[in-house]
Amino acid sequence: MAMCSTFYPRLSTHLNCKSFSLFPVKHRFFVSIKAFSSQTFAPKADDLPASIGFLGLGIMGNPMAQNLIKAGCDVTVWNRTKSKCEPLISLGAKYKSSPEEVAASCDVTFAMLADPESALDVACGKYGAAKGMGPGKGYVDVSTVDGETSKLICEHIRATGAHFLEAPVSGSKKPAEDGQLIFLTAGDSVLYEKAAPLLDIMGKSRFYLGEVGHGAAMKLVVNMVMGSMMASFAEGLVLSEKVGLDPSVLVEVISQGAISAPMYAVKGPSMVKSLYPTAFPLKHQQKDLRLALGLAESVSQPIPIAAATNELYKVAKSHGLSDQDFSAVIEALKVKLQQ
Ligand SMILES: NC(=O)C1=CN([C@@H]2O[C@H](COP(=O)(O)OP(=O)(O)OC[C@H]3O[C@@H](n4cnc5c(N)ncnc54)[C@H](OP(=O)(O)O)[C@@H]3O)[C@@H](O)[C@H]2O)C=CC1
Ligand SMILES: O=CC(=O)O
């Protein structure tokens with residue numbers, strides 16, 4: 289029976305074990321689980337790769353790299369906009385001026401980029417990480433991209449003799465700050481084992497899903513569901529107000545029932561006030577829906593709810609909401625149609 293801290297948080301906390309693995313033969317993947325508190329089970333310094341690179345210091349990359357530094361790791365950073373490296377340098381990080389140089393000077397390099405285009409460019413471009421990779425090194429791409437992009441990056445990295453792991457994360461800004469991310473990994477198992485202590489610093493659980501593409505696919509399916517849930521919630525809030533109900537009461541009613549979700553409880557109160565402080569940018573949610581549609585197309589699977597949802601996020605983007613939190617999708621429902 290597959291169990292994990294995501295589904296059984298109390299159980300895994302009570303188990304009081306650092307991690308255990310399950311091998312469901314049918315699906316040829318294993319799921320590795322660690323208990324909730326990375327502090328309780330902090331990895332020993334000996335377990336950690338000697339030097340770690342981190343490329344991409346946006347909303348997610350910054351706190352993830354910070355947690356590695358605070359855990360005592362030797363971290364070297366790079367970001368396209370150099371100023372975003374400063375807070376990490378002041379915490380003790382080293383700086384290199386290209387992904388190539390970071391990869392050349394580190395054992396394991398993480399990348400947390402916006403989308404498939406930037407992930408590909410940073411890994412395989414002119415001064416990309418692949419240029420600095422070689423045997424004994426590892427590249428862990430934690431960006432949310434499609435399987436095809438991930439496979440292409442993997443090819444370039446493996447061609448250098450290095451190992452590749454895709455490891456997109458579930459969990460937003462706050463879980464990244466708190467070291468409570470969920471890693472959805474696939475690729476070279478040697479690198480998975482090597483990177484595990486680092487994943488445990490940044491996250492609360494990790495899944496090893498087999499061959500490259502499975503981690504990306506899992507992430508896209510999860511975010512497809514999340515995007516549709518948010519759009520449906522937004523419709524409920526707008527409709528409740530239109531018919532004279534207090535949307536704050538709707539948030540409370542939902543929180544007490546079977547469809548309650550942490551996402552509604554966290555985002556609902558600010559959505560009622562038309563406030564959307566950015567944790568997960570709306571443009572990235574729309575990107576994930578677009579990629580999920582491509583994934584579904586590849587296997588001829590109808591996903592009509594996600595397709596309609598994607599259109600709503602596109603409308604929201606056209607109203608200048610790309611950089612607001614994805615909960616701002618509600619604004620697309622408030623737009624008055626031209627007479
Ligand atoms: N925010 C969230 O809640 C979550 C996000 N994700 C995923 O994680 C990834 C990063 O998200 P997040 O940190 O929120 O995004 P941000 O938009 O905050 O950061 C994006 C990062 O990508 C860099 N970047 C963008 N374009 C390029 C380019 N052409 N070349 C080089 N670097 C580039 C940015 O550099 P610069 O600073 O110069 O712009 C920045 O470092 C995305 O794939 C997202 O879908 C996954 C889980 C949760
Ligand atoms: O990708 C976003 C998230 O919250 O997970």
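Numbered per this note's numbering, the sequence shown spans residues 289 to 627. Even for Gly, the Cβ is constructed at its ideal location relative to N, Cα and C. None of the values given here were measured: they were computed from a predicted structure.
Distance, residue j Cα to residue i Cα
i           : j           : result
residue 380 : residue 499 : 35 Å
residue 346 : residue 574 : 18 Å
residue 510 : residue 518 : 12 Å
residue 324 : residue 624 : The predicted model places residue 324 with a pLDDT of 31, which falls under 50 and marks its position as unreliable, so this point remains unresolved.
residue 435 : residue 585 : 13 Å
residue 424 : residue 389 : 16 Å
residue 419 : residue 591 : 39 Å
residue 523 : residue 383 : 46 Å
residue 677 : residue 402 : Residue 677 lies beyond the stretch modelled for the chain, which goes from 289 to 627, so this question has no answer here.
residue 462 : residue 421 : 32 Å
residue 321 : residue 474 : Model confidence at residue 321 stands at a pLDDT of 43, short of 50, so the residue's coordinates are unreliable and nothing is read from them.
residue 620 : residue 602 : 9 Å
residue 468 : residue 340 : 20 Å
residue 507 : residue 478 : 22 Å
residue 556 : residue 550 : 10 Å
residue 417 : residue 460 : 25 Å
residue 393 : residue 449 : 16 Å
residue 386 : residue 546 : 49 Å
residue 356 : residue 552 : 30 Å
residue 250 : residue 371 : No information on residue 250 is available, as it lies outside the stretch 289 to 627 that the chain covers here.
residue 521 : residue 562 : 14 Å
residue 411 : residue 439 : 12 Å
residue 373 : residue 457 : 21 Å
Nearest-angstrom Cβ-Cβ length linking residue i and residue j, presumed shorter than 8 Å
i           : j           : result
residue 432 : residue 576 : 6 Å
residue 528 : residue 538 : 5 Å
residue 396 : residue 482 : 7 Å
residue 472 : residue 453 : With 8 Å as the limit, residue 472 and residue 453 do not qualify as a contact, their Cβ atoms being about 11 Å apart.
residue 336 : residue 398 : Not quite, the Cβ-Cβ distance comes to about 13 Å (not below 8 Å), so this is no contact.
residue 391 : residue 441 : Not quite, the Cβ-Cβ distance comes to about 12 Å (not below 8 Å), so this is no contact.
residue 580 : residue 594 : 6 Å
Chain D within 8 Å of residue i, Cβ atoms only
i           : result
residue 427 : No chain D is present in this structure, which holds just one protein chain.
Bridge-paired residues (DSSP) for residue i
i           : result
residue 382 : 364
residue 473 : 496
residue 569 : 613
residue 453 : 428 and 475
residue 399 : 343 and 429
residue 643 : No answer is possible for residue 643: it lies beyond the span of the chain, which begins at 289 and ends at 627.
residue 458 : 470
Environment of residue i [buried if 16+ CB atoms lie within 10 Å]
i           : result
residue 443 : exposed
residue 502 : buried
residue 451 : buried
residue 582 : exposed
residue 476 : buried
residue 605 : buried
Checklist line | Runs of alpha helix (DSSP H) lying entirely within the stretch 512 to 585, each at least 4 residues, in chain order | finding: Runs of the alpha helix (DSSP H) inside the stretch 512 to 585: 535 to 544 and 550 to 560.
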